[in-house]
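The structure appears below as structure tokens.
2 protein chains.
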Amino acid sequence: MKRIAEILQAEPSLIEMTVRGWVRSFRNDRFIALNDGSTINNLQCVIEPENHAQDILQSINVAAAVEVKGHLVESQGSGQRVELQTSMVKILATADPEDVKKTVLSPKRHKLDTLREQAHLRVRTNTFGAVMRVRAALSFAVHKYFQEQGFYQAHTPILTGSDAEGAGEMFRVSTLDPKNPPLTEEGKVDYSKDFFEKEANLTVSGQLEAETYAMGLGQVYTFGPTFRAENSNTSRHLAEFWMIEPEVAFNDLAANMDLAEDFMKYVIDYAMKNCADDIEFLEQRLENEDKQKHAAERSPMPLRDKLKFVLKNNFKRVSYTEAIDILRNSKPNKKKKFKYPVDQWGADLQSEHERYLVEKHFECPVILFDYPATIKAFYMRLNEADDEGRKTVRAMDILFPGIGEIVGGSQREERYDVLKQKMHDMNIPEEELWWYLEMRKFGSVVHSGFGLGFERLVMFVTGMTNIRDVIPYPRTPGNAEF
Amino acid sequence: MKRIAEILQAEPSLIEMTVRGWVRSFRNDRFIALNDGSTINNLQCVIEPENHAQDILQSINVAAAVEVKGHLVESQGSGQRVELQTSMVKILATADPEDVKKTVLSPKRHKLDTLREQAHLRVRTNTFGAVMRVRAALSFAVHKYFQEQGFYQAHTPILTGSDAEGAGEMFRVSTLDPKNPPLTEEGKVDYSKDFFEKEANLTVSGQLEAETYAMGLGQVYTFGPTFRAENSNTSRHLAEFWMIEPEVAFNDLAANMDLAEDFMKYVIDYAMKNCADDIEFLEQRLENEDKQKHAAERSPMPLRDKLKFVLKNNFKRVSYTEAIDILRNSKPNKKKKFKYPVDQWGADLQSEHERYLVEKHFECPVILFDYPATIKAFYMRLNEADDEGRKTVRAMDILFPGIGEIVGGSQREERYDVLKQKMHDMNIPEEELWWYLEMRKFGSVVHSGFGLGFERLVMFVTGMTNIRDVIPYPRTPGNAEF
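If you read the protein sequences in the order shown, they are chains A and B. So in the working numbering, spot 233 of the first sequence is number 233, and the numbers just go up one at a time. Take any residue in the second sequence, note its place counting from 1, add 1000, and you have its number in the working numbering.
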């Protein structure tokens, strides 16, 4: 059976076809707008009310499911090229209009908050149907890109016995009695009696394990859920989110930047080509949403312009040290318009600084690199100190318009002695990451990788401004419903 | 830079090329077997020892990384079509032979147990390189198949506030003080003070959430990690494994079987075509392993024959009731050869029964369907009782040679009242799954889906007999290392 996305591309024909879907609207006892989830567009099914029993007509309600038979004709009305001249309507499943009225299925504009509370139904709305189709297209594009480039997906573990990675607060996973856990003689919880015979947590990143696989398979990537137990109730944070982490043997930082830029352009281009209707709809939605906002909070440009802005520009590569100079001498800094004034070399950059660089100064996506060692993770490759004795690491962040940092990566420290010293200095326990260190003994080549929070990418491409609206069932502090 | 998989397919040429990889062996100061993870096959790099400094020659050790330059010539030796006439060798990273000797990188046969203990290194061996490449190919094939069929991946949640699904024991996820959790007035752990303000667990299945997405997008699938906190220390169970769960609106059980059969054949065929060298190697490995085993424990047929057996046969569809009759009257049952004799209608089938049906009776893959309602989950579609008043549900299991059940699925109960009653009868708390039930009010159409444990598929295609050997870092009772 053909789905509606395909039917809407077909030519008028006298051949009878059967279509199944859900009713989005039913006007004048004559026009059924039918949707089956394959596209944002509905198939208009035109019926002659006098040919159908009254109980059938009365059951063609919003959210009910029907099967229709008919043949495709050129549409008489505007808004669609073809429509279904419908000879038969069969009710597959009803929906009580009184019940529907209480839900987000009712045909009116609903607040995003309300939609979140009915996350089991919201995918049946135009906005969430479009977002989730774009999400799925981006997800496939990720796999397709890496496949074409000769990468292997490595399914790194979700449960980890190490809490040493330092990327954020972790969730503890246990099967011990939650109220009266067994204790050791010293009075601590005795994790040797737990399921894994040690304390276990949910992973914050698959990178360290992915590195071990890059040393075997050469080019690998992860694409799986990661977790942060941080009490951040913001529109940009989730406790559970999906992350993409490629890792490549023999790549230095410059090759890592090349890979990241090529990858980002590929997946965005894929979505634009394969989800044109959905993205057009989402652009309109964003424009409507922006009308309610203060000028300063609006998107810097229309959705598709923003996506094209990334595709058509080379990403400008700028060292952290240069960026600090630019920011220090920038108008908003001198006029004290930044919330966080830029003064000292060594400080971390804020979103306002990143956006200034992208949107005002360079007017293109920016890759910042060679960050101060003190503000970055232990596993990043240490550079030689500069003339002023300042220590940097081969880190890179990609900055995008409207969003700031979207990708973070680095060349990894491949030298056994240097890594051992850094782990010691930064209090990373060797007994937990012995394997990560040991790997540096056996043909430990230069290698690099990066991480992309998948939901950030989906936000960027869909124009949704709250991260809870780009994942089916968001997990945030106080929320694990569904 | 070309990778070795590609170079081995190339024609001899005078053009100089550069290759990087790890040394697998170095014979007679002349032949370097170089591997970069892109293929199981090594590139033979032939050097003239007199052209290279002694310290270079001494550093070309197993597991060291080198860059070589040279041009491709027809191979003089047997075993490869082309080899690299090498003019330059650069040591990129060393490996101390004394250290290598202590690891599974040393060039001899290692026990699978030992390899598991060095899971950070085992991917650099022939067997695990092959297994993990096949795993990655199967993973991509899953996405490719569903993409081509118009499915959308739905990223269902890993953390769930519901523990009602009944598919198995769950892991608790918490950020409460593990030793002194806050208590309610009744003296219970006060989960309202936990991160999610309720008790949270790791998911055992994304099916219920996937069903909600099928009602919006029509055809969806999940592919993500799932968890079982069961103390099963067997070669077939993991605490953390990846699951694939398609869910399709309007599909009845027969359509579900069609989908599952088509899908299984597609992904196996994809692996055979895209991993021919790896699978050939793994077939040989299995043959060697089987030589150590008693006849009864050996694989029923060589690896590739077994895969072709699945591809070329139609899956035989047999009702549970028929299967019980066949088993009851079978020779091994009459001769009491089954460990679990088959007697009563209503009993669950064991692996020995499933394998008898596939390997002896039908000699083809089998789909059993319409199981007794009492041994299956609450969400399965209830059939009309049969003439003898026996109640069955529209469940199906796919049985494969050597392994038994590999896929389990069902048509789902779409009727609100019937589902509500079943939830009540089977003690499924409505307050946790209100959304699952409520979905049945709004155009609740016939729909079906199935689940495939991804590691079971990888075992089947690679011939590995312990599930710990088909995932990078296995999680089992007492083991969350790495």
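Glycine included, C-beta positions come from ideal geometry on N, C-alpha and C.
Requested in this report: For the beta strand (DSSP E) holding residue 1392 of chain B, just list the boundary residues, first then last.
Outcome: By one-based count along the second sequence, residue 1392 of chain B stands at place 392. Start and end: 1392–1400.
Query - Reduced DSSP category for residue 435 of chain A - H, G, I as helix; E, B as strand; rest coil - result: Sequence index remark: in the first sequence, residue 435 of chain A carries index 435 (1-based). Note: residue 435 of chain A maps to helix in three-state DSSP.
Query raised in the report: Listed in chain order, which residues of the stretch 120–147 of chain A have Cβ atoms closer than 9 Å to some Cβ of chain B?
Result: Of all residues in the stretch 120–147 of chain A, those with a C-beta nearer than 9 Å to a C-beta of chain B are 120, 121, 122, 123, 124, 125, 128, 129, 132, 133, 135, 136, 137, 139, 140, 143, 144, 146, 147, reading in chain order.
Report task. Could you pull out every residue in the same chain whose Cβ sits closer than 6 Å to the Cβ of residue 1193 of chain B, ignoring the five residues on either side in sequence? Result -> Sequence index remark: in the second sequence, residue 1193 of chain B carries index 193 (1-based). Within the same chain, residue 1193 of chain B has close Cβ partners 1182.
Query raised in the report: Rounded C-beta distance between residue 1405 of chain B and residue 1417 of chain B? I'm assuming under 8 Å.
Result: Counted from its first residue, the second sequence places residue 1405 of chain B at position 405. Counted from its first residue, the second sequence places residue 1417 of chain B at position 417. With a Cβ gap of about 31 Å, residue 1405 of chain B and residue 1417 of chain B do not count as contacting.
Report task. Establish whether the CB of residue 92 of chain A and some CB of chain B are separated by less than 8 Å. Result -> The residue you call residue 92 of chain A lines up with position 92 of the first sequence. The Cβ of residue 92 of chain A sits closer than 8 Å to at least one Cβ of chain B.
Query - Partner residues on chain C for residue 1193 of chain B, Cβ-Cβ distance less than 8 Å - result: Reference to chain C is not applicable here, since the protein chains of this structure are A and B.
Query raised in the report: Around the Cβ of residue 1465 of chain B, are there at least 16 other Cβ atoms within 10 angstroms (buried) or fewer (exposed)?
Result: Counting from 1 along the second sequence, the entry for residue 1465 of chain B is found at position 465. By the 10 Å Cβ count, residue 1465 of chain B comes out buried.
Query raised in the report: Can you tell me whether DSSP reads residue 1099 of chain B as helix, strand or coil?
Result: Stepping through the second sequence from its first residue, residue 1099 of chain B is reached at position 99. In this structure, residue 1099 of chain B counts as helix in the three-state DSSP scheme.
Report task. With a 10 Å radius around its C-beta and 16 neighbouring C-beta atoms as the bar for buried, classify residue 1475 of chain B as buried or exposed. Result -> In the second sequence, counting from the first residue as 1, residue 1475 of chain B sits at position 475. Buried, since its Cβ has 16 or more Cβ neighbours within 10 Å.
Report task. Could you spell out the range, first to last residue, of the alpha helix (DSSP H) harbouring residue 1388 of chain B? Result -> Counting from one through the second sequence, the residue named residue 1388 of chain B turns up at place 388. Where residue 1388 of chain B is concerned, there is no enclosing alpha helix (DSSP H), given that its DSSP letter is neither H nor E.
Query raised in the report: CB-CB under 6 Å to residue 1278 of chain B, same chain, minus the five flanking residues each way: which ones, in chain order?
Result: In the second sequence, counting from the first residue as 1, residue 1278 of chain B sits at position 278. Excluding sequence neighbours, residue 1278 of chain B sits near 1040, 1130, 1133, 1134.
Query raised in the report: Looking at the C-beta of residue 1473 of chain B, does it have a partner C-beta in chain A at a distance below 8 Å?
Result: Position 473 of the second sequence, counted from the first residue, corresponds to residue 1473 of chain B. Taking Cβ atoms only, chain A reaches closer than 8 Å to residue 1473 of chain B, which makes this a yes.
Report task. Just the C-alpha distance for residue 1001 of chain B and residue 1018 of chain B, rounded to the nearest angstrom, thanks. Result -> Reading the second sequence from its first residue, position 1 is the one you call residue 1001 of chain B. Reading the second sequence from its first residue, position 18 is the one you call residue 1018 of chain B. For residue 1001 of chain B and residue 1018 of chain B, the distance between alpha carbons rounds to 7 Å.
Report task. Measure the CB-CB distance between residue 1342 of chain B and residue 1357 of chain B and report whether it falls below 8 Å. Result -> Taking the first residue of the second sequence as 1, we reach residue 1342 of chain B at position 342. Taking the first residue of the second sequence as 1, we reach residue 1357 of chain B at position 357. For the 8 Å CB-CB criterion, residue 1342 of chain B and residue 1357 of chain B do not form a contact.
Report task. For residue 211 of chain A, count neighbouring Cβ atoms within 10 angstroms of its own Cβ and tell me buried if that reaches 16, exposed if not. Result -> Here residue 211 of chain A refers to the residue found at position 211 of the first sequence. Counting the other CB atoms within 10 Å of its CB gives residue 211 of chain A a total of 16 or more, which places it among the buried residues.
Report task. Could you name the residues of chain B that residue 439 of chain A contacts, counting a contact when the two beta carbons are closer than 7 Å? Result -> For this step, residue 439 of chain A is matched to residue 439 along the first sequence. Correct list: 1120.
Query - C-beta atoms of residue 1145 of chain B and residue 1266 of chain B nearer than 8 Å - result: Residue numbering aside, residue 1145 of chain B sits at position 145 when the second sequence is read from its first letter. Residue numbering aside, residue 1266 of chain B sits at position 266 when the second sequence is read from its first letter. Remark: C-beta atoms of residue 1145 of chain B and residue 1266 of chain B approach each other more closely than 8 Å.
Requested in this report: Pair every Cβ in the stretch 1232–1240 of chain B with every Cβ in the stretch 1374–1382 of chain B, then say whether three or more of these pairs are closer than 8 Å.
Outcome: Contact fails: fewer than three Cβ-Cβ distances are below 8 Å.
Query - Cβ pair count under 8 Å reaching 3, the stretch 44–61 of chain A against the stretch 83–90 of chain A - result: Contact between the stretch 44–61 of chain A and the stretch 83–90 of chain A is present, because at least three Cβ pairs lie under 8 Å.
Query raised in the report: Taking just the CA atoms, how far does residue 241 of chain A sit from residue 207 of chain A?
Result: The sequence position of residue 207 of chain A within the first sequence is 207, counting from 1. The sequence position of residue 241 of chain A within the first sequence is 241, counting from 1. Using only the alpha carbons, I get a separation of about 15 Å.
Query raised in the report: Just how far apart, CA to CA, sit residue 1411 of chain B and residue 1354 of chain B?
Result: In the second sequence, the residue the question calls residue 1411 of chain B occupies position 411. In the second sequence, the residue the question calls residue 1354 of chain B occupies position 354. Spanning the two alpha carbons is a distance of roughly 21 Å.
Query raised in the report: Among the residues of its own chain, which have a CB less than 8 Å from the CB of residue 1447 of chain B, if the five just before and after it don't count?
Result: As a working note, residue 1447 of chain B is residue 447 in the second sequence. Residues 1211, 1214, 1215, 1247, 1248, 1249, 1250, 1251, 1411, 1412, 1414 of the same chain have their beta carbon placed closer than 8 Å to that of residue 1447 of chain B, with the five preceding and five following residues left out of the count.
Query - Beta carbon of residue 1482 of chain B nearer than 8 Å to that of residue 438 of chain A - result: Reading the second sequence from its first residue, position 482 is the one you call residue 1482 of chain B. Reading the first sequence from its first residue, position 438 is the one you call residue 438 of chain A. Contact flag unset, no.
Query raised in the report: By how many angstroms is the C-alpha of residue 1153 of chain B removed from the C-alpha of residue 1383 of chain B?
Result: For the purposes of this step, residue 1383 of chain B is taken as the residue at position 383 of the second sequence. For the purposes of this step, residue 1153 of chain B is taken as the residue at position 153 of the second sequence. Their Cα atoms are separated by approximately 30 Å.
**Report entry** Beta-carbon spacing of residue 1201 of chain B, residue 1228 of chain B below 8 Å
**Finding:** As a working mapping, residue 1201 of chain B is identified with position 201 in the second sequence. As a working mapping, residue 1228 of chain B is identified with position 228 in the second sequence. No, the pair does not count as a contact, with Cβ atoms beyond the cut-off.
Query - In DSSP terms, what residue 1032 of chain B is bridged to - result: Within the second sequence, the letter at position 32 stands for residue 1032 of chain B. B/1026, B/1045, per the DSSP bridge assignment.
Query raised in the report: If you measure beta-carbon to beta-carbon, which residues of the stretch 206–231 of chain A are closer than 7 Å to chain B?
Result: Within the stretch 206–231 of chain A, the residues whose Cβ lies closer than 7 Å to some Cβ of chain B are 209, 212, 213, 215, 216, 217, 218, 224, 225, 229, listed in chain order.
Report task. Could you check what DSSP says for residue 1071 of chain B in three-state terms: helix, strand or coil? Result -> One-based indexing of the second sequence puts residue 1071 of chain B at position 71. In this structure, residue 1071 of chain B counts as strand in the three-state DSSP scheme.
Query raised in the report: Around the C-beta of residue 1336 of chain B, are 16 or more other C-beta atoms found within 10 angstroms, so that it is buried, or is it exposed?
Result: By 1-based counting over the second sequence, the position of residue 1336 of chain B is 336. So residue 1336 of chain B ends up on the exposed side.
**Report entry** Start-to-end residues for the alpha helix (DSSP H) that takes in residue 1370 of chain B
**Finding:** Taking the first residue of the second sequence as 1, we reach residue 1370 of chain B at position 370. Residue 1370 of chain B -> not in any alpha helix (DSSP H); beta strand (DSSP E) instead, spanning 1366–1372.
Report task. Take residue 66 of chain A as the anchor and find which of A/76, A/26, A/80, A/72 has the nearest alpha-carbon. Result -> The count along the first sequence starts at 1 and reaches residue 66 of chain A at position 66. Closest by alpha carbon: A/26.
Report task. Identify which residue in A/365, A/126, A/271 has its Cα closest to the Cα of residue 285 of chain A. Result -> Start at 1 with the first residue of the first sequence, and residue 285 of chain A comes out as number 285. Comparing Cα positions, the closest option is A/126.
**Report entry** With 16 other Cβ atoms within 10 Å as the buried cut-off, status of residue 1469 of chain B
**Finding:** Translated into positions along the second sequence, residue 1469 of chain B becomes position 469. It is buried - the Cβ of residue 1469 of chain B has at least 16 other Cβ atoms within 10 Å.
Query raised in the report: Which value, in whole angstroms, describes the spacing of the CA atoms of residue 1115 of chain B and residue 1288 of chain B?
Result: Start at 1 with the first residue of the second sequence, and residue 1115 of chain B comes out as number 115. Start at 1 with the first residue of the second sequence, and residue 1288 of chain B comes out as number 288. A straight line joining the alpha-carbon of residue 1115 of chain B with that of residue 1288 of chain B spans about 17 Å.
Query - DSSP three-state assignment for residue 1429 of chain B, whether helix, strand or coil - result: Stepping through the second sequence from its first residue, residue 1429 of chain B is reached at position 429. In this structure, residue 1429 of chain B counts as coil in the three-state DSSP scheme.
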